[in-house]
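J.:
Numbering (this note's numbering), first residue to last: 9 to 304.
1) Note down the Cα distance separating residue 291 from residue 238, rounded to an integer number of angstroms.
2) Could you give the residue range of the alpha helix (DSSP H) that holds residue 218?
3) Just the C-alpha distance for residue 139 and residue 303, rounded to the nearest angstrom, thanks.
4) Taking all protein chains shown into account, decide if residue 157 is buried (16 or more other Cβ within 10 angstroms of its Cβ) or exposed.
5) Hey, could you find the ends of the alpha helix (DSSP H) residue 104 is sitting in?
6) Please report the residue range of the alpha helix (DSSP H) in which residue 59 lies.
7) Restricting to Cα atoms, I'd like to know which of 122, 109, 115 and 99 is closest to residue 134.
8) Going by DSSP in three states, residue 153 sits in which element: helix, strand or coil?
9) Is residue 257 buried or exposed, if buried means 16 or more other CB atoms sit within 10 Å of its CB?
10) What does residue 241 pair with, by DSSP beta-bridge criteria?
11) Mind the definition here: the segment 39-58 touches the segment 78-91 only if three or more C-beta pairs lie below 8 Å; say whether that holds.
12) By the DSSP assignment, the beta strand (DSSP E) with residue 310 in it spans what residues?
13) Rounded to the nearest angstrom, what separates residue 283 and residue 110 at their Cα positions?
14) Identify whether residue 289 lies in helix, strand or coil by the three-state DSSP scheme.
15) DSSP three-state label for residue 99, please.
16) From this set, 137, 250 and 145, which residue's C-alpha is nearest residue 154's C-alpha?
17) Could you tell me the alpha carbon to alpha carbon distance between residue 59 and residue 82, rounded to whole angstroms?
18) Which of the three DSSP states is assigned to residue 275 in this structure?
19) Does the distance from the C-beta atom of residue 295 to that of residue 286 stay below 8 Å?
20) Could you tell me which of 33, 267, 45 and 144 sits nearest to residue 114, measuring between CA atoms?
21) How would you write the range of the alpha helix (DSSP H) that residue 115 sits in, first residue to last?
22) Taking 8 Å as the threshold (C-beta atoms), are residue 250 and residue 229 in contact?
23) Could you work out which residue in 103, 18, 299 and 241 is closest to residue 261 when comparing CA atoms only?
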């Protein structure tokens, strides 16, 4: 629905760099290729990406070679980036992907049920879910089921991790996420206290909660069999989970990941909207074609 990396994280990093230009020496802003390379070759966290970037382009002489001074320096940049990203989200400056609003609007108008799987490329406290719903508008947003991916192994949040995920538990998880703002604050505090987990916002697509059983619970909650569902996503775990539960798994790569390969994907759209992108007309036709083939 939004390209969190291209239009959110990278923009916020570069604004943080500009705000500290006098302290960065000759360190450049991150163009799309550099950002994409850092995501692939660093550890996937903002601090890891910053460290690799300065190791590659050189550290400012004012920072020196002291390990702790360097850690404090990149932490300061990261904290500025987090603040800038929050401002971008709150002010609605990160747009929906082209064609996203039309896709959801057309699906809802046709009577289809739409679920928004959140936190696949962001952390819960970054506010991307509210951003998306705000861009959709209150009437359309009211027709969208919001399903936050749990960050614990096994899928849907529940009071007992030993029990299997069910639609009822998913509903409770969704309600808790929607109504309890304290969850966001607790998550944020935990990230700060643990230190190394501050990078969840950039690498969140690897969350273990996005599984085939979790998506099955989502379809159960909507009252639609997985075989009648299409999953549109930009992450490998999401596509694998969708394929695993029998959904039509359609990859829609982010702007910087057009060449990405998705094992298990039934097809790959280059964006959303007319042309090579996903539209409700195309999705509906693909589901109908698959159903007809299975009945032969």
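By construction, the Cβ of each residue, glycine as well, lies at the ideal position given by its N, Cα and C atoms.
If you're wondering where the values come from, they're calculated on a predicted model, not measured in any experiment.
T.: Short version:
1) 7 Å
2) Element bounds for residue 218: n/a, residue is neither H nor E.
3) 41 Å
4) With 16 or more Cβ atoms within 10 Å of its Cβ, residue 157 is classed as buried.
5) Segment: none, residue 104 is in no alpha helix (DSSP H) and carries neither H nor E.
6) Secondary structure note for residue 59: its alpha helix (DSSP H) is the uninterrupted segment 54-65.
7) Looking at the Cα atoms, 99 is the closest of the given residues.
8) strand
9) buried
10) 259
11) yes
12) Residue 310 lies beyond the stretch modelled for the chain, which goes from 9 to 304, so this question has no answer here.
13) 14 Å
14) helix
15) coil
16) 137
17) 7 Å
18) Strand.
19) no
20) The residue with the shortest Cα to Cα distance from residue 114 is 144.
21) 108-117
22) no
23) The shortest Cα separation from residue 261 among 103, 18, 299 and 241 belongs to 241.
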